[in-house]
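Peer 1: The listed protein sequences correspond, in order, to chains E and G.
Read in order, the letters of the first sequence correspond to residues 1 to 204 in the UniProt record's numbering.
Read in order, the letters of the second sequence correspond to residues 1 to 204 in the UniProt record's numbering.
Note that the Cβ used here is the ideal one computed from N, Cα and C, for glycine as well.
This structure is a prediction, so every number in the text was calculated from the model and none was measured.
Quick one: this structure, given as structure tokens, is what I'll be asking you about.
Number of protein chains: 2
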Amino acid sequence: MPEAADGRAQTTSRREQLLAIAAEQFATKGYKFTTVRDIAEAAGILSGSLYHHFDSKESMVDEVLRTFQAELFGRYEAILASDADARTKLEQAVEVSFETIDRHPHEVAIFQNEAAHLGAFERFAYLAERNRESRAVWITLLEDGVRAGALRAELDVELTYRFIRDTVWVAVAWYRPGGRRSHTEVARQYLTILLDGIAAREES
Amino acid sequence: MPEAADGRAQTTSRREQLLAIAAEQFATKGYKFTTVRDIAEAAGILSGSLYHHFDSKESMVDEVLRTFQAELFGRYEAILASDADARTKLEQAVEVSFETIDRHPHEVAIFQNEAAHLGAFERFAYLAERNRESRAVWITLLEDGVRAGALRAELDVELTYRFIRDTVWVAVAWYRPGGRRSHTEVARQYLTILLDGIAAREES
DNA sequence: CAACCAACCAAGCAATTGCTTGGTAGGGTA
DNA sequence: TACCCTACCAAGCAATTGCTTGGTTGGTTG
Numbered sequence: 001m002p003e004a005a006d007g008r009a010q011t012t013s014r015r016e017q018l019l020a021i022a023a024e025q026f027a028t029k030g031y032k033f034t035t036v037r038d039i040a041e042a043a044g045i046l047s048g049s050l051y052h053h054f055d056s057k058e059s060m061v062d063e064v065l066r067t068f069q070a071e072l073f074g075r076y077e078a079i080l081a082s083d084a085d086a087r088t089k090l091e092q093a094v095e096v097s098f099e100t101i102d103r104h105p106h107e108v109a110i111f112q113n114e115a116a117h118l119g120a121f122e123r124f125a126y127l128a129e130r131n132r133e134s135r136a137v138w139i140t141l142l143e144d145g146v147r148a149g150a151l152r153a154e155l156d157v158e159l160t161y162r163f164i165r166d167t168v169w170v171a172v173a174w175y176r177p178g179g180r181r182s183h184t185e186v187a188r189q190y191l192t193i194l195l196d197g198i199a200a201r202e203e204s
Numbered sequence: 001m002p003e004a005a006d007g008r009a010q011t012t013s014r015r016e017q018l019l020a021i022a023a024e025q026f027a028t029k030g031y032k033f034t035t036v037r038d039i040a041e042a043a044g045i046l047s048g049s050l051y052h053h054f055d056s057k058e059s060m061v062d063e064v065l066r067t068f069q070a071e072l073f074g075r076y077e078a079i080l081a082s083d084a085d086a087r088t089k090l091e092q093a094v095e096v097s098f099e100t101i102d103r104h105p106h107e108v109a110i111f112q113n114e115a116a117h118l119g120a121f122e123r124f125a126y127l128a129e130r131n132r133e134s135r136a137v138w139i140t141l142l143e144d145g146v147r148a149g150a151l152r153a154e155l156d157v158e159l160t161y162r163f164i165r166d167t168v169w170v171a172v173a174w175y176r177p178g179g180r181r182s183h184t185e186v187a188r189q190y191l192t193i194l195l196d197g198i199a200a201r202e203e204s
């Protein structure tokens with residue numbers, strides 16, 4: 001492993017650079033639409049040279065998705081393990097999600113667009129596993145919220161989970177890092193809608 | 001055009017059958033992952049025979065998406081043109097969307113998964129146009145709702161539109177026609193969350 | 001019956017694709 | 001100097017892919 005003079009691991013190895021380039025291509029054009037020649041050209045090398053770093057195109061998406069998921073779920077676990085109240089935890093989970101879109105838009109897009117097809121292959125079975133994990137996280141958060149009285153008691157937790165998950169992740173399709181709205185702003189607005197709804201409150 | 005004995009147009013021409021088969025394949029495996037041989041095999045014919053009905057694989061998605069969009073936007077326009085109040089129109093638009101997922105799950109899935117990539121090609125420029133139309137519909141509904149006092153005045157209409165659009169359509173990824181929840185039920189639950197939020201109301 | 005036609009088959013071509021192989025340039029190290 | 005190792009090139013192979021072409025079949029119609 002290459003290291004800088006001061007002993008810290010070098011921030012971006014060639015391998016990581018290539019992975020980032022591949023991720024961008026996969027995200028914008030789709031996995032199957034992206035050829036290894038595309039990736040190589042974007043990196044300024046020949047297609048064959050990619051196989052010095054990776055043993056297949058499949059390995060590239062695999063590694064991209066794996067590292068991304070590992071980081072994301074680490075953050076979810078941290079929230080679950082904290083001692084904040086139920087509503088705060090829910091809000092944090094939403095914020096973390098939007099922050100992830102901000103920091104890893106390509107990775108999220110790939111996951112969003114390709115997970116369904118790729119999940120069919122044995123190699124990507126962990127995607128389904130992560131899906132179950134994700135569901136467990138959100139369901140826990142929601143049930144805790146109901147139990148604590150922070151969320152409506154009649155809530156269809158399963159449906160609510162799906163709506164949250166969908167809305168949060170699909171935002172990657174339109175959210176642009178560095179754009180007019182910050183991820184914090186978007187998360188805050190979304191939480192307002194989710195928690196209080198869009199209807200005007202009746203005077204009671 | 002083939003016609004039944006009683007003079008009505010035959011409900012499903014061979015062409016329509018093949019389109020339906022192709023749509024299913026595109027939806028489940030993705031456009032690029034689906035080969036013409038896959039489609040042909042699913043139809044019980046050889047791949048070359050498909051070219052008696054269509055002149056390219058591209059034409060197949062094109063036709064699938066075009067007819068789907070035409071029907072959908074026809075229904076949106078009908079709602080806009082009606083004389084119901086703002087809130088009712090918004091609810092109807094949501095209901096129509098979930099009903100569309102129920103009736104044309106494959107078409108919605110294709111649109112959801114492939115529109116982004118395909119939109120880059122000139123042939124599919126109408127997808128972007130339809131996107132603008134869709135935005136116009138929802139923004140109108142939301143602004144009318146705010147104006148009528150049915151929706152909160154401080155609403156970020158643009159963000160709200162995106163959240164609605166995303167959540168509604170992405171449901172195609174998990175909604176199963178004929179499953180435990182009817183599309184009417186899902187629409188009703190979703191509207192509750194959207195309009196009133198998931199937070200418990202404070203006693204005031 | 002003769003003509004026609006929609007629907008299909010059989011075979012294969014040309015381009016693209018992921019990937020392999022053998023070799024080379026150049027910087028670091030003993 | 002001799003060696004090694006990372007990163008790359010040049011060339012091309014084998015499989016897959018979308019699509020073409022010429023021909024066959026079976027039903028319908030004048």
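1) Which residues share a DSSP beta bridge with G:Leu151?
2) At a cut-off of 7 Å, is E:Ile45 close to the ligand NAP when judged by its beta-carbon and the heavy atoms of the ligand?
3) Assign G:Asn113 to buried or exposed, taking buried as 16 or more other Cβ atoms, counted over all protein chains shown, within 10 Å of its Cβ.
4) What number of angstroms, rounded off, separates the C-alpha of residue 205 of chain G from the C-alpha of E:Asp85?
5) Using the three-state DSSP reduction, which class does G:Ile139 fall into: helix, strand or coil?
6) Taking the alpha-carbon of G:Ala187 as reference, which of G:Val168, G:Leu118, G:Glu143, G:Gly179 has the nearest alpha-carbon?
7) Could you check whether G:Arg162 and residue 240 of chain E sit closer than 8 Å to each other, using their CB atoms as the reference points?
8) Taking only three categories from DSSP, how would you classify E:Arg75?
9) Look at the alpha carbon of E:Ala20 and the alpha carbon of G:Arg147, and state the distance between them as a whole number of angstroms.
10) Based on Cα-Cα distance, which residue from G:His104, G:Ala116, G:Ile45, G:Val137 lies nearest to G:Ala128?
11) By the three-class DSSP mapping on this structure, what secondary structure does E:Ser47 have?
12) Could you tell me if G:Arg103 is buried or exposed, where buried requires 16 or more neighbouring beta carbons within 10 angstroms of its beta carbon?
13) Verify the CB distance criterion: does E:His117 have a CB-CB separation below 8 Å to chain G?
14) Determine, using beta carbons only, whether G:Ile198 comes closer than 8 Å to chain E.
15) Given that G:Ala93 touches chain E, what residues does it touch there, using C-beta distances under 9 Å?
16) Run the CB neighbour count on E:Pro105, radius 10 Å, all protein chains shown included, and call it buried at 16 or more, exposed below.
17) List, in order along the chain, the chain G residues whose C-beta lies closer than 7 Å to that of E:Phe163?
18) Quick one: is E:Ala171 near chain G, going by C-beta distance under 8 Å?
19) Straight-line CA distance for G:Leu195 to E:Asp196?
20) Excluding the 5 residues preceding and the 5 following G:Arg130 in the sequence, name in chain order all residues of the same chain whose CB lies nearer than 8 Å to its CB.
21) With a threshold of 7 Å on Cβ separation, who are the neighbours of E:Glu99 within its own chain once the five nearest residues in sequence on each side are excluded?
22) Please state whether DSSP places G:His183 in a helix, a strand or coil.
23) In its own chain, which residues sit with a C-beta less than 7 Å from the C-beta of G:Ser204, not counting the 5 before and 5 after it?
24) Going along chain G in order, which residues have a C-beta closer than 8 Å to the C-beta of E:Lys89?
25) Applying the 10 Å Cβ sphere with the 16-neighbour rule, what's the burial state of G:Gly30?
26) Express the C-alpha separation of E:Thr28 and G:Ala120 in angstroms, rounding to a whole number.
27) Return the CA-CA distance between G:Leu80 and E:Val64, expressed in angstroms with no decimal places.
28) Closest to G:Arg201 by C-alpha separation, out of E:Thr192, E:His52, E:Ala150, would be which residue?
29) Can you check whether the C-beta of G:Lys32 is within less than 8 Å of a C-beta belonging to chain E?
Peer 2: In this structure, then:
1) Reading the second sequence from its first residue, position 151 is the one you call residue 151 of chain G. Answer is E:Ala199.
2) Ligands displayed in this structure: none; no statement on the ligand NAP is therefore possible.
3) By one-based count along the second sequence, residue 113 of chain G stands at place 113. The residue in question, G:Asn113, is buried, as its Cβ has 16 or more Cβ neighbours within 10 Å.
4) In this structure chain G extends from 1 to 204, so residue 205 of chain G is not present and cannot be described.
5) Working through the second sequence from its first residue, we reach residue 139 of chain G at position 139. Of the three classes helix, strand and coil, the one that applies to G:Ile139 here is helix, per DSSP.
6) Locating residue 187 of chain G in the second sequence gives position 187, counting from the first residue. Comparing Cα positions, the closest option is G:Val168.
7) Past the boundaries of the shown model lies residue 240 of chain E; chain E is included only from 1 to 204, so the question cannot be answered.
8) Counting from one through the first sequence, the residue named residue 75 of chain E turns up at place 75. In this structure, E:Arg75 counts as helix in the three-state DSSP scheme.
9) Against the first sequence, residue 20 of chain E aligns to sequence position 20. Against the second sequence, residue 147 of chain G aligns to sequence position 147. Those two C-alpha atoms are separated by around 46 Å.
10) Mapped onto the second sequence, residue 128 of chain G falls at position 128. Per the Cα distances, G:Ala116.
11) Here residue 47 of chain E is taken as the residue at index 47 of the first sequence, counted from 1. Reduced to three states, the DSSP call for E:Ser47 is helix.
12) Numbered from 1 along the second sequence, position 103 holds the residue referred to as residue 103 of chain G. Exposed.
13) Counting from 1 along the first sequence, the entry for residue 117 of chain E is found at position 117. Yes - at least one Cβ of chain G is within 8 Å of the one on E:His117.
14) For this step, residue 198 of chain G is matched to residue 198 along the second sequence. So yes, G:Ile198 belongs to the interface.
15) The sequence position of residue 93 of chain G within the second sequence is 93, counting from 1. Per Cβ cutoff of 9 Å: no residues; G:Ala93 is ~13 Å from chain E at best.
16) Taking the first sequence and counting its residues from 1, one reaches residue 105 of chain E at position 105. The residue in question, E:Pro105, is buried, as its Cβ has 16 or more Cβ neighbours within 10 Å.
17) The residue you call residue 163 of chain E lines up with position 163 of the first sequence. Those are Thr167, Tyr190, Ile193, listed as they occur along chain G.
18) On the first sequence, position 171 is the one that residue 171 of chain E refers to. With 8 Å as the cut-off, E:Ala171 counts as an interface residue toward chain G.
19) Locating residue 195 of chain G in the second sequence gives position 195, counting from the first residue. Locating residue 196 of chain E in the first sequence gives position 196, counting from the first residue. Each residue's Cα considered, the two are about 8 Å apart.
20) Here residue 130 of chain G corresponds to residue number 130 of the second sequence, with the count starting at 1. Only Gln69, Phe73 meet the Cβ criterion.
21) Translated into positions along the first sequence, residue 99 of chain E becomes position 99. These residues qualify, in order along the chain: His183.
22) Here residue 183 of chain G refers to the residue found at position 183 when the second sequence is read from its first residue. G:His183: helix per DSSP, three-state reduction.
23) The residue you call residue 204 of chain G lines up with position 204 of the second sequence. Here G:Ser204 scores only 46 on pLDDT, less than 50, and its place in the model should not be relied on; the value that follows carries that caveat. Nothing listed; no residue qualifies.
24) Position 89 of the first sequence, counting from 1, holds the residue named residue 89 of chain E. Ordered by position in chain G, no residue passes the 8 Å Cβ test against E:Lys89, which lies about 14 Å from the chain.
25) Here residue 30 of chain G refers to the residue found at position 30 of the second sequence. That one is buried.
26) On the second sequence, residue 120 of chain G is found 120 positions in, with the first residue counted as 1. On the first sequence, residue 28 of chain E is found 28 positions in, with the first residue counted as 1. When rounded, the distance between both Cα atoms is 10 Å.
27) As a working note, residue 80 of chain G is residue 80 in the second sequence. As a working note, residue 64 of chain E is residue 64 in the first sequence. The alpha-carbon atoms of G:Leu80 and E:Val64 are separated by roughly 44 Å.
28) Counting from 1 along the second sequence, the entry for residue 201 of chain G is found at position 201. Comparing Cα positions, the closest option is E:Ala150.
29) Numbered from its first residue, the second sequence carries residue 32 of chain G at position 32. Taking Cβ atoms only, chain E reaches closer than 8 Å to G:Lys32, which makes this a yes.
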